[in-house]
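Remarks on the structure that follows.
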Amino acid sequence: MSDITVPLPATRTASPAGLLLRRLIRRRLVLISLLILLIVLVAAVGAPWLAPYAPRKMDIAHRLAAPSAAHWFGTDEFGRDVLSRCMYGARLSLTVGFFVVLASLTCGTVIGVVSGYLRQFDGVLMRVTDALMAFPDILLAIALMAALGASLTDVVIALGTVYTPRVARVARGAVLVLRELQFIEAAEALGASSRRVILVHLLPNLLSPLLVQGTFVFAFSILTEAALSFLGAGVPPTSPTWGNMIAQAQEYMQDADWLILAPGLCIVLTVLSLQAVGDGLRDALDPRLRRLT
Amino acid sequence: MTGYILRRIAGMVVVMFLVATIVFLISHVIPGDPAAVMLGPAATAADIAALRSRLGLDAPLPVQYVQFMQSVARLRLGESIFLSRSVAQALAERAPLTLQLTVLSAGLATLIGVPIGVLSAVKRGSFLDQALTAFAMAGASLPSFWIGLTLIEFLAVRLHLLPVAGYGPPDATFVERLSYLIMPAIALGIPSSALIMRFTRTSMLDVLQEDYVRTARAKGLAPLTVILKHAFRNARTSVLTVIGLTVAGLLGGAIVTETVFALPGVGNLVVSAVLRRDYPVIQGALLVISGVYVLVNLAIDILYAMLDPRVRY
């Protein structure tokens with residue numbers, strides 16, 4: 067029986083983040099998704115240097131040109147390069163997504179902890195989140211845009227308001243489970259202040275559900291921003307966004323289907339990748355789910 | 421049971437009270453003067469002041485709030501600024517179309533989502549499961565307006581199978597009308613079917629692991645009987661909940677879909693109201709749509725309690 071190899075405990079102690087990353091990359095779908103997101107990120111950040119043309123540069127001689135070596139994604143009704151416009155659109159989508167995640171995670175966590183741990187205004191806060199969630203995402207966003215204005219900040223405020231209640235719900239749910247656990251009870255028994263319990267014991271344990279939720283909020287806010295832009299209720303149409311590119315392409319799509327295909331694929335690939343990463347994160351962080359699926 | 425229903429209704433009233441308050445806040449407290457917006461940049465200060473007093477916007481905010489809540493409680497939604505009719509009338513004219521579209525999409529989403537979800541859970545880990553899960557994830561990532569435009573391009577423009585957009589001539593029959601709703605219902609239903617599929621799959625997976633399912637299998641019951649009579653019976657309550665939740669998504673999605681297909685429904689009304697800053701219409705639509713959502717979920721909660729004896733009242 068000497069030839070049985072016994073799995074040795076890992077000699078190298080991996081950091082939790084490193085372990086998580088390795089667990090994620092092991093799933094092919096997640097790896098591909100991360101690569102797609104990286105490409106979108108590079109295209110967005112590097113757009114001013116990498117884009118082959120200026121996003122507003124018109125070239126009437128080459129209007130509605132099909133995809134070619136000179137214009138990978140073709141040109142639109144003004145002869146503007148669709149690839150370059152998609153890259154600038156990615157800048158806007160990712161910026162909106164990032165700040166909406168930041169805003170809704172911050173506000174949602176504060177509400178969740180106040181409501182779930184401190185139990186202050188729990189009833190009121192949860193009824194308000196119920197009320198906010200009674201509006202369909204797009205309806206609330208579009209109504210807020212009507213009241214706020216049409217700047218990038220307004221889009222972030224509108225979408226942040228839409229997604230904060232969802233994060234708050236998740237955070238509160240997780241806090242309610244955590245506060246019954248013994249290590250929180252122990253910390254309280256040792257005389258730790260509420261502030262210490264929240265900062266040292268609660269928040270680190272909220273990180274994984276919030277990380278998963280944040281990924282989905284990122285995906286949803288890109289979809290909702292695209293819908294707002296499509297409806298003409300997003301940022302002004304002077305800056306190219308995936309949504310307003312599709313809206314403008316409607317008239318020409320019979321002759322130039324790449325005009326709706328290119329920005330559409332940008333949305334689908336980005337949102338799909340974010341959802342796949344979110345799923346992967348959830349599975350990697352939740353042992354129960356890993357067993358089930 | 422009666423106590424439970426009464427408690428749920430009381431909870432609903434509280435939520436609707438807060439919904440109305442949020443609607444008030446959106447249109448009154450957030451910076452920006454509706455009167456100035458409505459009259460446009462060319463308006464004089466006197467014009468704006470006159471409109472403000474006509475709309476009651478010059479009263480102190482708490483007074484405006486009380487007035488607003490009073491009229492909401494009496495179901496008075498005010499007059500549209502641009503449509504020369506009451507908001508209630510405008511909404512009532514357009515509601516049937518949106519209702520048809522939502523019901524059609526919800527039906528479609530359920531018909532696609534539930535069987536695929538069950539199949540995927542039963543064949544867990546197989547290639548079929550992975551393919552279906554990938555399909556669901558892709559479905560949830562597609563913007564409904566993009567699905568709509570793609571459908572128009574292929575089914576209507578290229579293949580001439582269905583009318584491009586609109587709702588037919590005024591004298592069109594119900595069946596003719598239905599042909600105008602097929603593509604919108606698909607565009608709207610696909611993202612929801614993906615959601616329902618994933619949820620069905622998860623709750624079926626949970627149930628399939630239960631001991632009583634193993635017992636049923638061990639008894640030698642046909643696999644289909646076990647799946648449908650034993651497992652799905654217990655998964656369906658949570659599936660019902662997610663179908664209720666998708667109603668919100670469908671009502672929101674209708675706003676976009678109706679714009680794509682030029683359907684004269686509530687969604688179309690909302691978008692034009694937002695673009696024209698027709699505040700009374702925006703307020704009315706927000707109240708009515710969220711009211712419908714809250715009512716649907718109340719109905720689901722009650723149905724849930726009736727279907728699942730484990731729910732405590």
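From first to last, the protein sequence lines stand for chains A and B.
The first sequence begins at 67 in the numbering used here and counts up by one.
The second sequence begins at 421 in the numbering used here and counts up by one.
The beta carbon of each residue, even a glycine, is placed where N, CA and C say it ideally should be.
For clarity, every value in this text was computed on a predicted model and none was experimentally measured.
query                                                                                                                                                                                : result
Can you list, in chain order, the residues of its chain with a C-beta nearer than 7 Å to that of Pro684 of chain B? Leave out the 5 residues immediately preceding and following it. : Arg514, Leu517 and Tyr587
Classify Gly609 of chain B as buried or exposed, calling it buried when 16 or more other Cβ atoms lie within 10 Å of its own Cβ.                                                     : buried
So what does DSSP say about Arg357 of chain A, is it helix, strand or coil?                                                                                                          : Confidence at Arg357 of chain A is low in this model, with a pLDDT of 43, below 50, so its placement is unreliable and no value can be given for it.
Go ahead and label Thr304 of chain A buried or exposed: buried means 16 or more other beta carbons lie within 10 angstroms of its beta carbon, across all protein chains shown.      : exposed
Going straight from the alpha carbon of Ile264 of chain A to that of Ile102 of chain A, what length do you get?                                                                      : 36 Å
Would you verify that the beta carbon of Pro275 of chain A is, or is not, closer than 9 Å to some beta carbon of chain B?                                                            : no
Would you verify that the beta carbon of Asp323 of chain A is, or is not, closer than 9 Å to some beta carbon of chain B?                                                            : yes
Below 6 Å CB to CB, which residues in the same chain sit around Val283 of chain A once its five sequence neighbours on both sides are set aside?                                     : Val167, Ser170 and Tyr229
Does DSSP put Glu251 of chain A in a helix, in a strand, or in coil?                                                                                                                 : helix
Looking only at its own chain, which residues have a Cβ that is under 7 Å from the Cβ of Ala560 of chain B, when we skip the five neighbours before and after it?                    : Pro611, Ala614 and Leu615
Quick check on the burial criterion: 16 or more other C-beta atoms within 10 angstroms. Buried or exposed for His580 of chain B?                                                     : exposed
Contact check, Ala207 of chain A vs Leu225 of chain A under 8 Å by CB: the rounded distance?                                                                                         : 6 Å
Does chain B have any CB closer than 9 Å to the CB of Arg93 of chain A?                                                                                                              : no
Which same chain residues, not among the five before or five after Leu445 of chain B, have their C-beta less than 8 Å away from its C-beta?                                          : none
Would you say Leu684 of chain B faces chain A, with C-beta separation under 9 Å as the test?                                                                                         : Checking the sequence shown, residue 684 of chain B turns out to be Pro, not Leu. Answer no: the Cβ-Cβ gap between Pro684 of chain B and chain A never drops below 9 Å.
Taking the alpha-carbon of Asp345 of chain A as reference, which of A:Ala213, A:Gly298 and A:Leu100 has the nearest alpha-carbon?                                                    : A:Leu100
Only counting the same chain, and skipping five residues up and downstream in sequence, which positions put a Cβ closer than 7 Å to that of Leu355 of chain A?                       : Legend: pLDDT at Leu355 of chain A = 47, less than 50; position of this residue unreliable, value from coordinates given subsequently. Arg348 and Asp349.
Cβ closer than 7 Å: which chain B residues qualify as neighbours of Arg193 of chain A?                                                                                               : Val434, Val435 and Leu438
Quick one: grab the DSSP three-state call for Thr141 of chain A.                                                                                                                     : strand
Name, going along the chain, the residues of the region 692-716 of chain B whose beta-carbon falls closer than 7 Å to a beta-carbon of chain A.                                      : Val694, Leu695, Arg697, Ile702, Leu706, Ile709, Ser710, Tyr713 and Val714
Quick one: Cα of Ala258 of chain A to Cα of Leu272 of chain A, how far?                                                                                                              : 19 Å
Give a yes or no on contact between the region 434-444 of chain B and the region 191-203 of chain A, applying the rule of three or more CB pairs nearer than 8 Å.                    : yes
I'd like the list of long-range same chain contacts for Ala529 of chain B, defined as Cβ closer than 7 Å, with 5 residues on each side in sequence excluded.                         : Gly609, Ser612, Ser613, Ile616 and Thr666
So the alpha helix (DSSP H) Leu521 of chain B belongs to, where does it begin and stop?                                                                                              : Val507 to Val542
Alpha carbon to alpha carbon, what distance is there between Ala156 of chain A and Ile312 of chain A?                                                                                : 14 Å
Taking a cut of 9 Å between CB atoms, which residues from the region 644-663 of chain B lie near chain A?                                                                            : none
If we define contact as Cβ-Cβ less than 9 Å, is Asp349 of chain A a contact residue for chain B?                                                                                     : no
Determine the contact status of Pro643 of chain B and Gly498 of chain B, defining contact as a CB-CB distance below 9 Å.                                                             : no
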